[in-house]
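Numbering (the working numbering), first residue to last: 489 to 764.
As structure tokens, the structure follows; a few thoughts come after it.
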């Protein structure tokens, strides 16, 4: 593969430069290995022990996960670290990303998602360089009732979360549509709310902490990650369903229903692990 700079200098990249990591394509100026990238665009590909799980792509320091590269539009998507807080902690402050370490990139103000899980939690993303100005804010609220899964013979004691999302508040939208007579819209809302309630049904921190041994804890942790990965992948389709029409909405609904089915299967796996 040849790359030409604006100064018309032509050079050939080494033939051993990887062109992908997992399901993410890699193109110059990004690259893995010596001679495969411009300074500041080096990547690390981390393969998983489980062959069924795709390799993960990271920026050069190995801490910031890359989930997509679109050279045509100039976007790079990142997945920030998951932050956990103990039940006895009143608050926690954890730096997620310092753009000073990535001087080739600018923070884009749209297409960012903040996911919060748990009961009665308030999470804020702040700009440390601007007097802790709040960029995003997201909260969850729980009702103290006993929830019951649709899985036969399996009860979960916990809470049903009314999750306020910084992306869109589905429950408030449901209330706004009380007078809505459009049957298709109601079917859409029903599917979306059912999907969301499935993801938020189990308090995984409690489930994982009550594991009998390290093996079971590892299995449950892996399943929890799969479940929230489904939510992460489904959110763009949910948004498309709510705000777009025609064929795009139809495709998005199909993707969402597929993710809902995947989530149900993961919950069944959780039940099987707990029954071991």
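A virtual CB, placed ideally from N, CA and C, is assigned to each residue, including glycine.
In three-state terms, what does DSSP make of residue 701? Residue 701 falls in the coil class under three-state DSSP.
Three-state secondary structure (DSSP) of residue 611: strand
Given residue 512 as reference, the closest of 519, 623, 545 and 534 once Cα atoms are compared: 545
Using DSSP with H/G/I as helix, E/B as strand and the rest coil, what is residue 567? strand
State the DSSP-derived secondary structure class of residue 709, mapped to helix, strand or coil. helix
For residue 708 and residue 699, which I take to be in contact (beta-carbon distance under 8 angstroms), what is that distance rounded to the nearest angstrom? 6 angstroms
Distance, Cα to Cα, residue 503 vs residue 522? 11 angstroms
Pick from 563, 529 and 565 that is closest to residue 518, judged by C-alpha positions: When C-alpha distances from residue 518 are compared across 563, 529 and 565, the shortest belongs to 529.
Grab me the residues of residue 622's own chain with a C-beta within less than 6 angstroms of its C-beta, minus the 5 sequence neighbours each way, in chain order. 612 and 614
Give the straight-line distance between the Cα atoms of residue 524 and residue 703, rounded to the nearest whole angstrom. 40 angstroms
Over what stretch of residues does the beta strand (DSSP E) that includes residue 534 continue unbroken? 531 to 534 is the extent of the beta strand (DSSP E) around residue 534.
Based on the DSSP output, what are the partners of residue 556 in its beta bridges? DSSP, once it has assigned bridges, lists 565 as partnering residue 556.
Please list the terminal residues of the continuous beta strand (DSSP E) segment that includes residue 544. 544 to 547
Check the C-beta distance from residue 571 over to residue 580 and give it rounded, since I have them as a contact under 8 angstroms. 7 angstroms
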